[in-house]
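For reference, each letter of the sequence shown is one residue, going 13 to 245 in our numbering. The beta-carbon is built from N, C-alpha and C at its ideal position, and this holds for glycine as well. All values derive from a computational prediction rather than experimental measurement.
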Amino acid sequence: MNRRPARCLGLLGGASGMIAGVVQAVAGPDIPELTGSKASPVALGLLTIVLSAIGLASAVSLGKDSIPPSGRVASAVGMLVPGVVCFTTVGALWYLPGPLLTVPAGLAVAGGWRESRDVIATAWLPGLVSLLGAFEVMMALRASPLALTLVGVLGGLALFASPWMRNKRPRLALLLVGTIPFAVAAWWSLVVPLLAILALAISGVIARRRRTRPTALDATGRWGGPLAGAADR
13 MNRRPARCLG
23 LLGGASGMIA
33 GVVQAVAGPD
43 IPELTGSKAS
53 PVALGLLTIV
63 LSAIGLASAV
73 SLGKDSIPPS
83 GRVASAVGML
93 VPGVVCFTTV
103 GALWYLPGPL
113 LTVPAGLAVA
123 GGWRESRDVI
133 ATAWLPGLVS
143 LLGAFEVMMA
153 LRASPLALTL
163 VGVLGGLALF
173 ASPWMRNKRP
183 RLALLLVGTI
193 PFAVAAWWSL
203 VVPLLAILAL
213 AISGVIARRR
223 RTRPTALDAT
233 GRWGGPLAGA
243 ADR
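Shown next, in the form of structure tokens:
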């Protein structure tokens, strides 16, 4: 597979996304028709910069001479999540970076679909936990006051990363940070506590599987993208 088109598009998407985040943080209130009239433009702009940097790093990883199928999937996820989530953070400013990140995410997987399919089938439970983390970020972006938004965003990012940590203690710490604070802060909401319970339950299943049997992600036995971890440990 020639990964150059996906890499180039992802680099453009990550770079333009960071620019969009800077514009939101600096001039968001002055151009509400472009930025979506957000209540917390500085915080959302900074979040957009961080997520775009993840997308950029994921695109860079596609340039490695030898990248395993799991690395392609991890890189694809690293571009797809910012590409989707940031439609809620910077409004119309994301109309260019969004497609520039989501399209190469699909290209990265489609180029080696058979191997990527095997990785997805193996790691779908950790992927589901990360998806719940992305949902938490999106819910937090609609929350108020700002303190609650920050708790939810940081928790969602922690939950997103938790299943991919190599060591048990960081994995557990990120899981707890990603579920408990936002669920407690938004205890009056039905969805947020249920999301936390679901994430904890799925993570418990993953932990039991790690103890009972090893998982072969690919021939190299490791993840190769910026979101890489050891889903089989």
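- Check the Cα spacing between residue 44 and each of 204, 102, 176, 59: the tightest is with 102.
- C-alpha of residue 210 to C-alpha of residue 203: approximately 10 Å in a straight line.
- Taking each of 193, 182, 172 in turn and checking the Cα distance to residue 214, the smallest one comes out for 172.
- A distance of 9 Å or more separates the beta carbons of residue 64 and residue 161.
- By a beta-carbon distance limit of 8 Å, residue 29 contacts residue 94. Their separation comes to about 7 Å.
- Counting along the chain, residue 151 sits inside the alpha helix (DSSP H) bounded by residues 136-153.
- Cβ neighbours of residue 144 within its own chain (closer than 7 Å, five residues either side excluded): 171, 207, 210, 211.
- Its Cα nearest to that of residue 55, the residue 98 stands out among 205, 98, 131.
- For residue 206, the enclosing alpha helix (DSSP H) starts and ends at 203-224.
- Three or more Cβ pairs closer than 8 Å define a contact, and the region 35-42 falls short of that threshold against the region 118-125.
- By the neighbour-count criterion, in which 16 or more other beta carbons inside 10 Å mark a residue as buried, residue 224 falls on the exposed side.
- Inclusion of residue 167 and residue 155 in the CB contact set at 9 Å is not warranted, their separation being larger than that value.
- Between residue 135 and residue 218, the alpha-carbon positions lie close to 10 Å from each other.
- Contact check for residue 33 against residue 48 fails: the beta carbons are separated by 9 Å or more.
- With distances taken between CA atoms, residue 76 lies nearest to 16 out of 188, 92, 16, 201.
- Distances from the CA of residue 147 to each of 165, 138, 132, 131 were compared; the closest alpha carbon is that of 165.
- DSSP, reduced to helix, strand and coil, places residue 176 within a helical segment of the structure shown.
- Residue 21 places its beta carbon less than 9 Å from that of residue 115.
- The beta carbon of residue 68 lies closer than 6 Å to those of 26 in the same chain, with the five residues before and after it left out.
- Comparing alpha-carbon positions, the option among 195, 82, 187 lying closest to residue 129 turns out to be 82.
- Per the C-alpha coordinates, the member of 87, 18, 197, 31 positioned closest to residue 131 is 87.
- The alpha-carbon separation between residue 79 and residue 18 amounts to approximately 14 Å.
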